[in-house]
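A.B. asks: Residue numbers for the sequence shown follow this note's numbering, beginning at 1 and rising by one.
Just so you know, even glycine gets a beta-carbon here, dropped at the ideal spot from N, CA and C.
Here it is, the structure, as structure tokens.
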Amino acid sequence: MIRAAVITVSTKGARGERLDESGPAVRDALVAAGHEVVSQDLVPDDAERVAMAILAATRAGANVVLTSGGTGLSPNDLTPEATRRVIDREIPGIAEALRARSLQATPHGMLSRGVAGALGSALVVNLPGSPKAARESLELLLPVLPHAVELLAGESGESGHDLTGRSRGPSPAGGP
1 MIRAAVITVS TKGARGERLD ESGPAVRDAL VAAGHEVVSQ DLVPDDAERV AMAILAATRA
61 GANVVLTSGG TGLSPNDLTP EATRRVIDRE IPGIAEALRA RSLQATPHGM LSRGVAGALG
121 SALVVNLPGS PKAARESLEL LLPVLPHAVE LLAGESGESG HDLTGRSRGP SPAGGP
């Protein structure tokens with residue numbers, strides 16, 4: 001089962017100067033896919049605060065942590081650096097796939113510096129900050145979440161080959 005945490009990274013949002021639209025968009029997409037959202041946070045563009053929010057989310061039981069925002073080229077965009085501080089190992093294929101998806105919509109997609117990685121048995125993925133781009137990225141990510149979570153938990157990964165975005169049960173005896 002997916003137990004997700006959503007962390008929006010936005011200094012203006014954290015100060016109440018901008019409405020957080022990407023966090024709720026990510027949360028709503030996760031819930032619509034049948035996943036549980038165990039926490040949602042809004043933190044400023046500060047590498048230490050982002051890293052602490054990611055760690056707090058996993059301590060709260062999240063096995064998927066999705067950040068939104070702070071992945072661009074601005075000097076304040078430090079989400080990838082914060083993520084690298086806390087993950088045990090990167091999963092570059094996820095970040096590459098998300099960038100490729102963004103490039104289908106805009107050439108600016110190549111400017112994203114988002115990363116993905118494992119933190120213990122949790123998957124951490126940086127999504128873009130715009131609600132539309134975050135939703136589009138999550139559409140691509142949802143089908144692989146059950147398999148990734150199962151593998152990170154040390155399980156066989158056999159039930160996660162269903163690409164509908166939901167984990168399947170074990171195959172019947174004699175089945176593939």
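Taking buried to mean at least 16 other C-beta atoms within 10 Å of its own C-beta, is alanine 105 buried or exposed?
C.D. replies: Under this definition alanine 105 is an exposed residue.
A.B. asks: Would you grab the beta carbon distance between valine 65 and isoleucine 94 for me? Rounded to a whole angstrom, and I think it's under 8 Å.
C.D. replies: At roughly 13 Å, the Cβ-Cβ gap does not stay under 8 Å, so valine 65 and isoleucine 94 are not in contact.
A.B. asks: Would glycine 23 be called buried (16 or more neighbouring beta carbons within 10 Å of its own) or exposed?
C.D. replies: That one is buried.
A.B. asks: State buried or exposed for serine 10, treating a residue as buried only when at least 16 other CB atoms are found within 10 Å of its CB.
C.D. replies: By the neighbour-count rule (16 or more Cβ atoms within 10 Å), serine 10 is buried.
A.B. asks: Only counting the same chain, and skipping five residues up and downstream in sequence, which positions put a Cβ closer than 8 Å to that of glycine 175?
C.D. replies: With a pLDDT of 40 at glycine 175, under the threshold of 50, the modelled position of that residue is not reliable, and the figure given next carries that caveat. If we look at glycine 175 and ignore the five residues flanking it on each side, it has no Cβ neighbours.
A.B. asks: Nearest to alanine 14 by alpha carbon, out of Gly69, Glu36, Ala56 and Arg27?
C.D. replies: Per the Cα distances, Gly69.
A.B. asks: Taking 9 Å as the cut-off, decide whether the C-beta atoms of leucine 78 and aspartate 46 are in contact.
C.D. replies: Going by C-beta atoms, leucine 78 is nearer than 9 Å to aspartate 46.
A.B. asks: On the DSSP bridge assignment, give the partners of leucine 119 in chain order.
C.D. replies: DSSP output for leucine 119 lists Ala122 as bridge partner(s).
A.B. asks: What residue range does the beta strand (DSSP E) around glutamate 36 cover?
C.D. replies: Unbroken beta strand (DSSP E) run through glutamate 36: 36-43.
A.B. asks: Assign proline 170 to one of two classes, buried (16 or more other C-beta atoms within 10 Å of its C-beta) or exposed (fewer than that).
C.D. replies: With a pLDDT of 40 at proline 170, under the threshold of 50, the modelled position of this residue cannot be trusted; read the value that follows with caution. Per the 10 Å Cβ criterion, exposed.
A.B. asks: So, helix, strand or coil for isoleucine 91, using DSSP?
C.D. replies: Coil.
A.B. asks: To the nearest angstrom, report how far apart serine 167 and proline 146 are at their CA atoms.
C.D. replies: With a pLDDT of 42 at serine 167, under the threshold of 50, the predicted position of this residue should be treated as unreliable, and no value is reported.
A.B. asks: Kindly list the residues whose CB is nearer than 7 Å to the CB of glutamate 139, restricted to its own chain and excluding five residues on each side of it in sequence; keep chain order.
C.D. replies: Hits under 7 Å: none found.
A.B. asks: Determine the closest residue to proline 75 out of Ala51, Arg113 and Glu21, with distance taken between C-alpha atoms.
C.D. replies: Proline 75 has its Cα closest to that of Arg113, out of Ala51, Arg113 and Glu21.
A.B. asks: Buried or exposed, going by whether 16 or more other CB atoms sit within 10 Å of the CB of proline 92?
C.D. replies: By the 10 Å Cβ count, proline 92 comes out exposed.
A.B. asks: Hey, is the stretch 115-133 in contact with the stretch 56-64, meaning 3+ C-beta pairs nearer than 8 Å?
C.D. replies: Segments in contact, yes.
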